[in-house]
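In my numbering, the protein residues as written are 39 to 344. Notes follow once the structure below has been shown.
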Amino acid sequence: MDRGLDVFNTLPADDVRELLLSCCAAPGWAAAVTADRPYADRAALTAAARARIGALPWPEVVGAVAAHPRIGRPPTGTGRDAEWSRREQAAATAASATDGSGTDDAGTDGSGTDGSAADRAGAAVAADLAAANDAYEQRFGYRFLIFANGRGAAELVAAARQRLHHDPDTEQGVVRTELGDIAALRLGRLVDDIAAPAPLSSHVLDTTTGTPAAGIAVRLDAADPVDGWRTVATGHTDADGRLRDWVPGAGWAAGTYRLVFDVADRLGADAFYPEIPVVFTVRDTARHHHVPLLLSPYGYTTYRGS
């Protein structure tokens, strides 16, 4: 059983469309791939995704291309698509990640260090890549897009220069293919991601008894700019007072969240805080977030755990 595909097939349509936009930022494509569910297997999903890109109106393709960062300049954001873009461009940016500031004072007699030579080589590759991007944009009027995963900067420069010789119709076909390759790679990653639980856990301890607080009802809300707080998961602490593997990986994204601990039954009628909300911010979705709670009838403590 492919748990990730099963989740993908059964998630609410609005959630799926939002997730798909991180694979290809074309609303028409995301809507069409969502409407085609359920998929029998990943091959069927990938085939449908490629076919839908092939059928997109060209202006929507250009919009999807514009959502990708310039080749050689991966984004600094924290969203799923930004994380994927950094991974896809890793080989290219590794070779060109330099500001050209390496010193070559010792190189005046030919005895320069390997480090300064690497700096100069990296700066040259970065300059070539920037020039290739500029030439491509001047030639076609939209950003250079290529399936960059595992490909070095020099290879990408050569590809951009070769594609400058295409006529507009031929290049549009190439762009659709590259966009489809990127979407297919990201779809596989997306299905893998939503199969796993989100990296969020908690541990509740009762300081009045010095024991774990078992059976505490906990709710996770996500801040929504339109609807305010939106509940994404509910659970109860186990016999050890812990709560883990309880939040679906689908939809886990950077943003503001609120854990709400229902402690009234645990602390009794005289408790000053019958319910404890803990608001926190997720910036790195790949990092595990542990939010413990130490409670008593008249106070509580929380902190960023590990």
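Cβ coordinates follow ideal geometry from the N, Cα and C atoms, glycine included.
Rounded to whole angstroms, residue 65 and residue 84 show a C-alpha spacing of 17 Å. Counting of Cβ neighbours within 10 angstroms places residue 46 among the buried residues, the total reaching 16 or more.
Residue 256 is positioned such that its CB atom lies closer than 8 Å to that of residue 297. Restricting attention to 253, 308 and 326, the CA atom closest to the CA of residue 287 is found in 326. Judged by DSSP in its simplified three-state form, residue 96 adopts helix. Remark: fewer than three beta-carbon pairs, one from each stretch, lie closer than 8 Å, so the region 212-219 and the region 301-309 are not flagged as touching. Of 161, 226, 177 and 273, the smallest CA-CA separation from residue 57 is found for 226.
In this structure, residue 63 sits near residue 101, with a CB-CB distance shorter than 8 Å. Counting other Cβ atoms within 10 Å of its Cβ, residue 112 reaches 16 or more and is therefore classed as buried. DSSP places residue 118 in the helix class (H, G or I) of the three-state scheme.
By the CB criterion at 8 Å, residue 285 and residue 238 fall inside the cutoff. For the pair residue 292 and residue 67, the Cα-to-Cα distance works out to about 24 Å. By the C-beta density criterion, residue 106 is buried, having at least 16 other C-beta atoms within 10 angstroms. Assignment of residue 314 by DSSP, reduced to helix, strand and coil, places it in the strand class. Following the DSSP letters along the chain, one finds residue 273 inside the beta strand (DSSP E) bounded by residues 266-274.
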